[in-house]
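There are 2 protein chains.
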Amino acid sequence: MTDRPDLAAMIVPLSRALVDAELPVLREHDLSMWAYSVLLALDERPLRTQAALAESIGADKTRIIGVLDDLQRRGLIDRTPDPADRRARVLSLTAEGRRVRDSAQTGIRHKEERLLARLSVEDRRGFLRALRALAALPHEEITNA
Amino acid sequence: MTDRPDLAAMIVPLSRALVDAELPVLREHDLSMWAYSVLLALDERPLRTQAALAESIGADKTRIIGVLDDLQRRGLIDRTPDPADRRARVLSLTAEGRRVRDSAQTGIRHKEERLLARLSVEDRRGFLRALRALAALPHEEITNA
DNA sequence: TATTGTTATACTCTATAACTATA
DNA sequence: TATAGTTATAGAGTATAACAATA
Chain C
208 MTDRPDLAAM IVPLSRALVD AELPVLREHD LSMWAYSVLL ALDERPLRTQ
258 AALAESIGAD KTRIIGVLDD LQRRGLIDRT PDPADRRARV LSLTAEGRRV
308 RDSAQTGIRH KEERLLARLS VEDRRGFLRA LRALAALPHE EITNA
Chain V
208 MTDRPDLAAM IVPLSRALVD AELPVLREHD LSMWAYSVLL ALDERPLRTQ
258 AALAESIGAD KTRIIGVLDD LQRRGLIDRT PDPADRRARV LSLTAEGRRV
308 RDSAQTGIRH KEERLLARLS VEDRRGFLRA LRALAALPHE EITNA
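Here you go:
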């Protein structure tokens with residue numbers, strides 16, 4: 208094995224620093240990290256249940272309720288009972304929600320690009336390709352490796 | 208900008224999954240993540256103060272006290288008042304501490320290698336090179352980017 | 001007066017279980 | 001009875017402030 212620091216020893220602090228870097232951007236939009244995650248997850252397609260949303264962003268279903276309350280109150284998401292099953296709440300982005308998401312994401316990507324600019328072209332490419340591949344793995348496939 | 212998911216959206220879940228994957232290995236050695244971090248940080252050179260150790264692993268100085276208590280009680284670290292400044296505690300690994308660290312690290316690297324084996328040779332190289340470069344940056348240099 | 005380590009306290013986050021309303 | 005959402009509670013993790021010893 209090539210000599211290198213532990214993966215986690217590098218990734219965990221980097222992860223924390225990235226979050227710290229992005230929180231000010233989110234705060235400008237009055238978004239918590241979970242709220243931003245919700246806006247991202249709802250970007251593509253509406254979701255039929257809150258539990259599905261929670262699972263897709265790695266949160267507990269009880270943990271996002273306050274987040275959804277706030278986003279709904281601010282008109283950033285729609286949250287209506289499913290006529291076919293009135294237990295479920297269909298979730299989707301509003302136009303305003305999409306606007307806020309776009310604005311926040313632009314700021315975040317701007318910061319990220321400045322960080323990635325420190326890498327050589329080939330390292331940057333390998334880093335992003337590898338990161339996408341690893342991030343696409345199911346959680347259990349990593350923990351059970 | 209090339210289209211890609213947010214960096215943090217990929218790194219944060221990956222970071223969590225990595226930690227979840229490694230915790231069982233650490234538990235076999237009765238080590239918490241912070242305890243393991245301490246053993247890694249003390250590996251190279253002894254440190255003159257607990258505050259310096261805490262800072263080097265991104266922890267609060269009050270948070271590692273219980274960790275150090277436990278490691279000292281188990282004979283994995285030495286923790287003696289500095290004769291030149293009796294306020295400070297000089298910290299170093301014992302031979303047993305080094306043995307436990309090596310054993311835990313072997314298990315952790317084994318898991319990591321199985322994960323990295325999913326990447327192509329060139330992506331793996333770029334990923335590790337980029338990760339080392341980004342992890343070497345001071346925390347503020349990332350947050351202020 | 002400042003610094004090192006420590007303890008005590010409060011605060012945030014998270015996980016678990018219990019409740020309601022629908023099915 | 002099972003499920004979606006909600007609420008309440010407790011637990012872990014973390015941050016802040018106050019304290020004792022030493023400089």
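Keeping their order, the protein sequence lines are chains C and V. Under our numbering, the residues of the first sequence are numbered 208 to 352, in order. Under our numbering, the residues of the second sequence are numbered 208 to 352, in order. We put the CB at the ideal spot given by N, CA and C, even for glycine.
By DSSP's assignment, Thr-287 (chain C) forms a beta bridge with C:Val-297.
Bridge partners of Leu-230 (chain C) according to DSSP: none are assigned. Using beta-carbon distances, Gly-333 (chain C) counts as an interface residue toward chain V, with a partner under 7 Å.
Looking at the DSSP output, Leu-278 (chain V) shares a beta bridge with no other residue. For a cut-off of 8 Å, the C-beta gap from Ala-228 (chain V) to Ile-349 (chain C) is around 5 Å, short enough to register as a contact. Contact of Leu-214 (chain V) with chain C by beta-carbon distance below 7 Å involves Leu-225 and Glu-319.
Contact between Leu-214 (chain V) and Glu-319 (chain C) holds: their C-beta atoms lie close to 5 Å from each other, under 8 Å. Taking a 10 Å sphere around the C-beta of Ile-272 (chain C), we find fewer than 16 other C-beta atoms and assign the residue as exposed. With a cutoff of 7 Å on beta-carbon distance, Leu-298 (chain V) and Leu-323 (chain V) are scored as not near each other.
In the three-state reduction of the DSSP assignment, Leu-254 (chain C) falls in the strand class. Secondary structure at Asp-292 (chain C): strand, using DSSP grouped into helix, strand and coil.
In the DSSP assignment, Lys-268 (chain V) falls outside any alpha helix (DSSP H), carrying neither H nor E.
Two segments are said to touch when three or more pairs of C-beta atoms, one from each, lie closer than 8 Å; by this definition the region 301-309 of chain C does not touch the region 321-341 of chain C. Straight through space, the alpha carbons of Ala-216 (chain C) and Ser-244 (chain V) are spaced by roughly 8 Å. For the C-beta of Val-245 (chain C), not a single chain V residue is nearer than 7 Å; the gap to the nearest is close to 12 Å. Scanning chain C for C-beta atoms nearer than 8 Å to the C-beta of Val-219 (chain V) yields Ser-222, Leu-225 and Val-226, reported in chain order. Among the residues of the region 254-282 of chain V, those with a Cβ less than 8 Å away from any Cβ of chain C are Gly-265, in the order of the chain. Counted as a single uninterrupted DSSP element, the alpha helix (DSSP H) harbouring Arg-331 (chain V) occupies residues 328-342. Put simply, the CB of Leu-238 (chain C) is far from chain V, with every gap to its CB atoms at 7 Å or more.
Distance from the Cα of Ala-242 (chain C) is smallest, within the candidate group C:Ala-311, C:Arg-321 and C:Arg-332, for C:Ala-311. By the neighbour-count criterion, in which a residue is buried when 16 or more other Cβ atoms sit within 10 angstroms of its Cβ, Arg-296 (chain V) is buried. A contact between stretches requires three or more CB pairs, one per stretch, nearer than 8 Å, and the region 261-271 of chain C fails this requirement with the region 244-257 of chain V. Only residues of its own chain outside the window of five on either side were considered, and among them Arg-286 have a CB closer than 6 Å to the CB of Gln-279 (chain C), listed in chain order.
Thr-301 (chain V) sits close to Leu-283 (chain V), with the two beta carbons spaced by under 7 Å.
With a contact defined as Cβ atoms closer than 8 Å, Arg-321 (chain V) and Ala-352 (chain C) qualify at about 5 Å.
Leu-221 (chain V) is positioned such that its CB atom lies closer than 7 Å to that of Ala-342 (chain C).
For Arg-308 (chain C), the enclosing alpha helix (DSSP H) begins and ends at 302-323.
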